[in-house]
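Below you'll find the structure, written out as structure tokens, and then a few comments.
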Amino acid sequence: MELHYAIFIYKKGEKMFNKKKEEKEKKEKKFFDYEQAKKEFLNSNLNPNRARVTWIKLCFFSMGITFVSLIGMIYFASRSKVIPYFFEVDRNGIVQNLVIGNGEKAYQPNEVLIESSIKNFISNFRWISKDEVVQNLFVERAFNYTTPHGIEKLKSIYAQEELTTLIKNGVTRDIKISSVTKADNNLYNARWEENIYSEGGTLVNSVNKFGNFKVEIIPPKSTKELERNPLGITITDFNISTLNE
1 MELHYAIFIY KKGEKMFNKK KEEKEKKEKK FFDYEQAKKE FLNSNLNPNR ARVTWIKLCF
61 FSMGITFVSL IGMIYFASRS KVIPYFFEVD RNGIVQNLVI GNGEKAYQPN EVLIESSIKN
121 FISNFRWISK DEVVQNLFVE RAFNYTTPHG IEKLKSIYAQ EELTTLIKNG VTRDIKISSV
181 TKADNNLYNA RWEENIYSEG GTLVNSVNKF GNFKVEIIPP KSTKELERNP LGITITDFNI
241 STLNE
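Using the working numbering, read the sequence shown as starting at 1 and increasing by one per residue.
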């Protein structure tokens, strides 16, 4: 009897132990599932934030590189120097009077270049073409050789001669320069012949002209001035007159 009772008590205790064990395992499983879900939730929210932080860091890093590069470019650009080269070429294509560096002080055009520039100025100033485009080119080239004062003087002479009317009437004029000589330190004299033709090409008149021209070397200080007059040979003042036959 006592044996049966002991077995009954043992089985009942074992059953209760197994029940508690199962309850404990269920609780542990629920806790594990909760922790796993919590971990997945945090990962799903933290990963985009981490990616965003990474992209922000990369963005600021790129901006920093760009800023440093820009500062470097500005620095080296401010330190760079343009070294001018001035030279003349003779008829055989040989370089003469090469000057490197401070050309504004060292370079002085020779007399041949100065006389050639005066001839070009006279030709562009006095020539008359039937073609308005060509005529405008002549006028523009004449302007390039002189100063604002000289340009106003040219405009006054064009107005006195009624250049626009002559062009409309088909009148043309060519010139033949006979001499350009140096008279003083920066003063030059020139002589030339002007032949005037009617619209049909008939010679209407022929006159001899004399002019004196004051020349200064004014080095170009801008790209525009360099294009207009690269040698800086500038006619600052001039006067022309008709010679008596």
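Don't be surprised by glycine CBs; every beta carbon is placed ideally from N, CA and C. In this text the structure is predicted, and so the values were computed from the model without any measurement.
Under 8 Å by Cβ, that's how I've got G201 and F238 pegged, so tell me the actual separation to the nearest angstrom.
The sequence position of residue 201 within the sequence shown is 201, counting from 1. The sequence position of residue 238 within the sequence shown is 238, counting from 1. Between F238 and G201 the Cβ distance is about 30 Å, and since that is not below 8 Å, they are no contact.
DSSP three-state assignment for P236, whether helix, strand or coil
For the purposes of this step, residue 236 is identified with residue 236 of the sequence shown, where counting begins at 1. According to the sequence displayed, residue 236 carries Thr and not Pro. Looking at T236 - three-state DSSP - the assignment turns out to be strand.
Based on the DSSP secondary-structure assignment, which residues constitute the bridge partners of F213?
As a position in the sequence shown, residue 213 is number 213, starting the count at 1. DSSP lists Y188 and F238 as partners of F213.
Proximity to I167 [Cα-Cα], best of V112, K130, F138 and I175
Counted from its first residue, the sequence shown places residue 167 at position 167. Of the candidates V112, K130, F138 and I175, the one whose C-alpha sits nearest the C-alpha of I167 is K130.
Burial state of E152 (16 or more Cβ within 10 Å):
As a position in the sequence shown, residue 152 is number 152, starting the count at 1. By the neighbour-count criterion, in which 16 or more other beta carbons inside 10 Å mark a residue as buried, E152 falls on the exposed side.
Do you know whose CA, among V133, V112, D174 and H149, lies nearest F125's CA?
Stepping through the sequence shown from its first residue, residue 125 is reached at position 125. For the residues V133, V112, D174 and H149, the minimum Cα distance to F125 belongs to D174.
In chain order, what residues of the same chain lie with their CB nearer than 8 Å to the CB of V171, ignoring the 5 residues before and after it?
Walking along the sequence shown from the start, residue 171 turns up at place 171. The beta carbon of V171 lies closer than 8 Å to those of I128, I196, Y197, S198, E199 and V204 in the same chain, with the five residues before and after it left out.
Other residues of its chain near N229: CB distance less than 7 Å, five sequence neighbours each side excluded
Here residue 229 is taken as the residue at index 229 of the sequence shown, counted from 1. N144, Y145 and P220, listed in sequence order.
Does the beta-carbon distance from V253 to T181 come in below 9 Å?
Since the displayed the chain opens at 1 and closes at 245, residue 253 lies outside it and no answer follows.
Expressed to the nearest angstrom, what Euclidean distance is found between the alpha-carbon atoms of L137 and N185?
On the sequence shown, position 137 is the one that residue 137 refers to. On the sequence shown, position 185 is the one that residue 185 refers to. Taking the straight line from one Cα to the other gives about 31 Å.
Inter-residue CB distance, I233 and I114 (contact presumed, cutoff 8 Å):
Counting from one through the sequence shown, the residue named residue 233 turns up at place 233. Counting from one through the sequence shown, the residue named residue 114 turns up at place 114. Correct: roughly 6 Å between the Cβ atoms.
How far does the beta strand (DSSP E) with T223 in it reach, from first residue to last?
Translated into positions along the sequence shown, residue 223 becomes position 223. Taken as a continuous stretch (DSSP letters only), T223 belongs to no beta strand (DSSP E), being part of the alpha helix (DSSP H) at T223 to R228.
In the DSSP assignment, the alpha helix (DSSP H) including T165 goes from what residue to what residue?
Mapped onto the sequence shown, residue 165 falls at position 165. Where T165 is concerned, the enclosing alpha helix (DSSP H) stretches over L163 to K168.
Between which two residues does the beta strand (DSSP E) holding S178 run?
Residue numbering aside, residue 178 sits at position 178 when the sequence shown is read from its first letter. Unbroken beta strand (DSSP E) run through S178: T172 to K182.
Candidates T164, A159 and K119, of which the one nearest S178 by Cα:
Position 178 of the sequence shown holds residue 178. Ranking the options by Cα distance to S178, first place goes to K119.
Mind checking who N205 pairs with in its DSSP beta bridge?
Here the question's residue 205 lines up with position 205 in the sequence shown. Answer by DSSP bridge pairing, in chain order: I196.
Considering only their Cβ atoms, is the gap separating S117 from L231 smaller than 9 Å?
On the sequence shown, position 231 is the one that residue 231 refers to. On the sequence shown, position 117 is the one that residue 117 refers to. Yes, Cβ-Cβ distance for L231 and S117 is below 9 Å.
Cα-Cα separation, L70 to Q160:
Numbered from 1 along the sequence shown, position 70 holds the residue referred to as residue 70. Numbered from 1 along the sequence shown, position 160 holds the residue referred to as residue 160. Roughly 58 Å between the two C-alpha positions.
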